[in-house]
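Inspection log for the structure reproduced underneath, given as structure tokens.
In the working numbering, the protein residues as written are 31 to 176.
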């Protein structure tokens, strides 16, 4: 059974390994692996890991921001940014990613933050849109290249 819990300093090295695996999959444009220093800065309410048989198999990072007046979030309102979500390929069909997102959103709501945004540079954008729509996200804008 998969367990979701707040990340701790011991988890950082395993999350770095997962981050490197994500980069090696080449499924996200412009993605670089996370550094230990960067991940340690995320430790707290908005850094969770998924664990299976005592092994970290996924993670989620989020950060809180104050709106400067976005098209979808009023000026001065605090909102959560889902910065990264990654689950080891062998565990993606177990709803692990959904559980990570749910825990992050619930934590934000407990902290009085009800608005959230997410950006993705995934090459599997159709799947990503469907994934986040299940969590109540709507499309804000689309950016394409040629």
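Even glycine gets a Cβ: it sits at the ideal position worked out from N, Cα and C.
Subject >> Meets three-Cβ-pair contact criterion under 8 Å: the region 96-116 and the region 137-150 >> reply: yes
**OP:** Tell me whether residue 90 is buried or exposed, calling it buried when 16 or more other Cβ atoms sit within 10 Å of its Cβ.
**Re:** The sequence position of residue 90 within the chain shown is 60, counting from 1. It counts as buried.
Subject >> Rounded distance between the beta-carbons of residue 80 and residue 88, thought under 8 Å >> reply: As a position in the chain shown, residue 88 is number 58, starting the count at 1. As a position in the chain shown, residue 80 is number 50, starting the count at 1. 4 Å between Cβ atoms; contact.
**OP:** Output the distance between the C-alpha atoms of residue 60 and residue 85, rounded to the nearest integer angstrom.
**Re:** The count along the chain shown starts at 1 and reaches residue 60 at position 30. The count along the chain shown starts at 1 and reaches residue 85 at position 55. C-alpha separation (whole angstroms): 27 Å.
Subject >> Best match in 161, 136, 123, 176 for proximity to residue 32 [C-alpha to C-alpha] >> reply: Looking up residue 32 in the chain shown gives position 2. Ranking the options by Cα distance to residue 32, first place goes to 123.
Original post:
Roughly how far, in whole angstroms, is the beta-carbon of residue 46 from the beta-carbon of residue 73, given that I think they are within contact range, below 8 Å?
Top reply: Numbered from its first residue, the chain shown carries residue 46 at position 16. Numbered from its first residue, the chain shown carries residue 73 at position 43. The beta-carbon separation of residue 46 and residue 73, rounded to 13 Å, does not stay under the 8 Å limit for a contact.
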